[in-house]
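Before any comments, here is the structure.
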Amino acid sequence: METIDDIRHLPELDQDTIHIWGVHVPDVLDRIDVLHAVLCNAEQEKAARFHREADRHSSIAARGALRVLLSGYTGVPSSELEFQYSENGKPSLVPQASRLLRAGQGRRDACDTIAFNVSHSGDWVVLAFGRSRQVGVDVEMIKEEMDVMPIASRYFTPEEAALIENAEHSCAVFFQLWARKEAYVKACGSGLFRELSSFSVPIENGRLPDRGEKDGWIFQRLEAGSKYASAVVTDKALDDVPCYDFNALKW
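In our numbering, the protein residues as written are 96 to 346.
This is the structure in structure tokens:
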């Protein structure tokens with residue numbers, strides 16, 4: 096991952112790119128109280144409901160990093176960002192989301208056009224940001240000993256299930272497929288209302304390509320190491336997908 100040392104130095108988020116940010120949760124524990132402080136009351140209460148400390152930390156890191164980065168991209172203070180949700184739960188920023196915007200001092204266009212999505216699994220949080228496009232991201236910790244075929248047979252298409260069954264490392268392929276499918280339903284905003292078996296991700300010559308296109312959607316694999324699978328999906332042409340390390344960022 097690339098590093099950026101200061102929130103004031105974020106690269107321009109143009110319409111041909113998606114920016115990916117990775118948060119290794121154990122590495123931000125020394126700043127977890129700072130991230131907790133930028134959350135709204137509802138987000139703090141949600142984090143407090145987790146019984147496991149690791150789950151609380153993941154929730155705080157995910158929502159805190161989202162607010163910090165959205166503030167950097169939009170110019171709106173992180174504590175003043177307001178979110179709205181579709182009927183299927185897809186989040187977006189409320190237009191004119193803060194007092195600064197209402198006073199005409201903020202970057203209204205930045206709030207109105209930015210798209211974002213968040214996923215976390217195990218020790219990692221992954222965030223995706225785009226401009227004037229739909230975007231969905233997912234990360235999954237690969238469980239090597241999991242019996243994946245019963246799930247694949249039920250929730251995946253026959254072509255996808257066959258790909259898993261014939262793979263040398265079936266668990267890895269299963270979670271790579273799962274990450275792509277989850278990222279797709281998050282990008283199109285259908286959430287849990289979309290049956291995972293009702294669509295197939297791009298498969299070329301019996302393998303999963305790093306980047307594939309299907310029905311106008313771009314599926315991009317993200318490098319996540321040997322223990323995780325991750326992908327981002329978007330509805331518009333894509334030139335570049337830079338990945339940045341949130342742990343190195345100062346704000």
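For every residue, glycine included, the Cβ atom is placed at its ideal position computed from N, Cα and C.
If you reduce the DSSP assignment to three classes, tell me which class residue i lands in.
i	result
I102	helix
D335	strand
K309	strand
N342	helix
S285	coil
Q139	helix
L196	Any reading at L196 must be qualified, since the residue scores a pLDDT of 45, below 50, and its modelled position is unreliable; the value itself is stated next. DSSP places L196 in helix when its eight states are reduced to three.
L165	helix
R316	strand
P186	strand
E97	strand
R302	strand
With a CB to CB cut of under 7 Å and the five nearest residues on each side skipped, what residues in its chain are close to residue i?
i	result
M236	S216, G217, K322, Y323
G311	D330
F145	R151, S154
G83	This structure gives no information on residue 83, because the portion of the chain shown stretches from 96 to 346.
Give the C-beta separation of residue i and residue j to the nearest angstrom, bearing in mind that I take them to be a contact with Cβ-Cβ under 8 Å.
i	j	result
D330	A256	The Cβ separation is near 26 Å, so there is no contact.
V328	I115	Between I115 and V328 the Cβ distance is about 12 Å, and since that is not below 8 Å, they are no contact.
K141	S154	6 Å
V243	A274	With 8 Å as the limit, V243 and A274 do not qualify as a contact, their Cβ atoms being about 13 Å apart.
L291	V268	With 8 Å as the limit, L291 and V268 do not qualify as a contact, their Cβ atoms being about 15 Å apart.
P297	F270	The Cβ separation is near 17 Å, so there is no contact.
L161	V213	6 Å
V232	A210	Not quite, the Cβ-Cβ distance comes to about 11 Å (not below 8 Å), so this is no contact.
C206	E239	In fact, because the Cβ distance is near 42 Å, the residues do not count as touching under 8 Å.
Go through its chain and collect everything with a Cβ distance to residue i's Cβ below 8 Å, but skip five positions before and after it.
i	result
S285	N183
E97	P337, C338, Y339, D340
D100	A343, L344, K345
I'd like the list of long-range same chain contacts for residue i, defined as Cβ closer than 6 Å, with 5 residues on each side in sequence excluded.
i	result
S325	V221, V234, A274, L317, A319
V120	H152, S153, A156, D218
A262	V268
R202	Unreliable placement is indicated for R202, whose pLDDT of 49 sits below 50; no coordinate value is reported for it.
S173	V133, R162, V163, S166
(request) Taking only runs that begin and end inside the region 227-274, name each unbroken alpha helix (DSSP H) of 4 or more residues, in chain order. (result) Every alpha helix (DSSP H) stretch that sits fully inside the region 227-274 and reaches 4 residues is listed by chain position as 244-250, 253-260.
(message) Count Cβ pairs between the region 224-235 and the region 110-127 that sit closer than 8 Å; are there 3 or more?
(response) Yes, they touch.
(message) Can you confirm whether the region 129-136 touches the region 333-342 when touching is taken to mean that 3 or more C-beta pairs between the two stretches lie within less than 8 Å?
(response) They do not touch, by the three-pair rule.
(request) Taking 8 Å as the threshold, find out whether the region 175-182 comes into contact with the region 118-130 through three or more Cβ pairs. (result) Flag = no, the region 175-182 and the region 118-130 do not touch.
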